[in-house]
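Written below as structure tokens is the structure these notes are about.
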Amino acid sequence: MLRFFRQIRQRLLTDNKFSKYLLYAIGEIMLVVIGILIALQVDNWNEERQERIAELNFLSRLREDLKVDNAYFRKRIEEANSSEAAGKIFLKKLFEKQQSLEEAVSLWDLFREFHSSEMLTIQNSTYSEMLYAGRLELITDRELKSLLLEYYRECEKAAKHTTEFNAFTVGEMSNMVDQAPGLYVMPTYLKNTDLEFEEEYGYLNDPSSDAFKKIVHTAEMYISKHHFLNDLYFKELEALSTDLITRLEKVE
Numbered sequence: 331m332l333r334f335f336r337q338i339r340q341r342l343l344t345d346n347k348f349s350k351y352l353l354y355a356i357g358e359i360m361l362v363v364i365g366i367l368i369a370l371q372v373d374n375w376n377e378e379r380q381e382r383i384a385e386l387n388f389l390s391r392l393r394e395d396l397k398v399d400n401a402y403f404r405k406r407i408e409e410a411n412s413s414e415a416a417g418k419i420f421l422k423k424l425f426e427k428q429q430s431l432e433e434a435v436s437l438w439d440l441f442r443e444f445h446s447s448e449m450l451t452i453q454n455s456t457y458s459e460m461l462y463a464g465r466l467e468l469i470t471d472r473e474l475k476s477l478l479l480e481y482y483r484e485c486e487k488a489a490k491h492t493t494e495f496n497a498f499t500v501g502e503m504s505n506m507v508d509q510a511p512g513l514y515v516m517p518t519y520l521k522n523t524d525l526e527f528e529e530e531y532g533y534l535n536d537p538s539s540d541a542f543k544k545i546v547h548t549a550e551m552y553i554s555k556h557h558f559l560n561d562l563y564f565k566e567l568e569a570l571s572t573d574l575i576t577r578l579e580k581v582e
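What follows is the structure in structure tokens.
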């Protein structure tokens, strides 16, 4: 093909047809330019196609991560509701007179049902990979990207506040144990001593005692923690993850 064009150029020069040669040369240059533009366009198309494949892969992985999170938040909501209810039952029974060690142990077992301090942990491996590799720009839907950024920001904030709440309530628990001695060893302690129930655990029947007040305060702190984490974060994040899953399932 190049040899053919070279022969045409030589013939035009030999016949002294410079103007036609000039037009031909310009035409040949235009063909080369058009060829380069087509090649660039093909490269761009291939690159866009590869980026679209990568975007769909990441979005699929994000959807699976969010499904794990969604189930996790539903579980945390149920646990928070259960813990809050158990705490309220505990406070009600606490103000009833404890007649024996067995009743006191039953009361303490109820306390154990709501004094949990679980951290907040989500499945964010795909998001972290995209963030640190600078791949978030692959997400072409601006609204979707904005919602994803909001979701993971809220998760980070919720995890931080959960840690703070837990540290505070664990501190209150430690103070309570100092003021209400024997609580953690209640099921076995009296069986190995000659002390009477009232002699060792009489504060459980004395609402005016410092130990009793500290137990009430600590229980209220745990109840409040479960209530506020549930209302401020777990329910909101469950709703956000549900919305994102729905949006991602529509992506083709």
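Numbering (the working numbering), first residue to last: 331 to 582.
Beta carbons: idealized from backbone N, C-alpha and C, even for Gly.
Proximal residues to residue i (C-beta, below 7 Å), its chain only, five neighbours per side dropped
i           : result
residue 433 : none
residue 399 : 452, 453, 571
residue 397 : 575
residue 535 : 427, 428
Cβ neighbour criterion (16 or more within 10 Å) applied to residue i
i           : result
residue 425 : exposed
residue 444 : buried
residue 450 : buried
residue 463 : exposed
residue 498 : exposed
residue 380 : exposed
Assumed close pair residue i, residue j - CB separation to whole angstroms, cut-off 8 Å
i           : j           : result
residue 465 : residue 564 : The pair is not a contact, with the Cβ atoms about 29 Å apart (cut-off 8 Å).
residue 559 : residue 470 : Not quite, the Cβ-Cβ distance comes to about 35 Å (not below 8 Å), so this is no contact.
residue 454 : residue 508 : So it is not a contact: roughly 38 Å between Cβ atoms.
residue 500 : residue 447 : 6 Å
residue 505 : residue 544 : 7 Å
residue 567 : residue 485 : 6 Å
residue 413 : residue 556 : 4 Å
residue 474 : residue 382 : At roughly 14 Å, the Cβ-Cβ gap does not stay under 8 Å, so residue 474 and residue 382 are not in contact.
Own chain partners of residue i with C-beta closer than 8 Å, once the 5 adjacent residues on each side are dropped
i           : result
residue 579 : 393
residue 385 : 468, 469, 470
*Continuous alpha helix (DSSP H) assignments of at least 4 residues falling wholly in the stretch 441-526*: Secondary structure remark: continuous alpha helix (DSSP H) runs of at least 4 residues inside the stretch 441-526, in chain order: 455-462, 472-509, 516-519.
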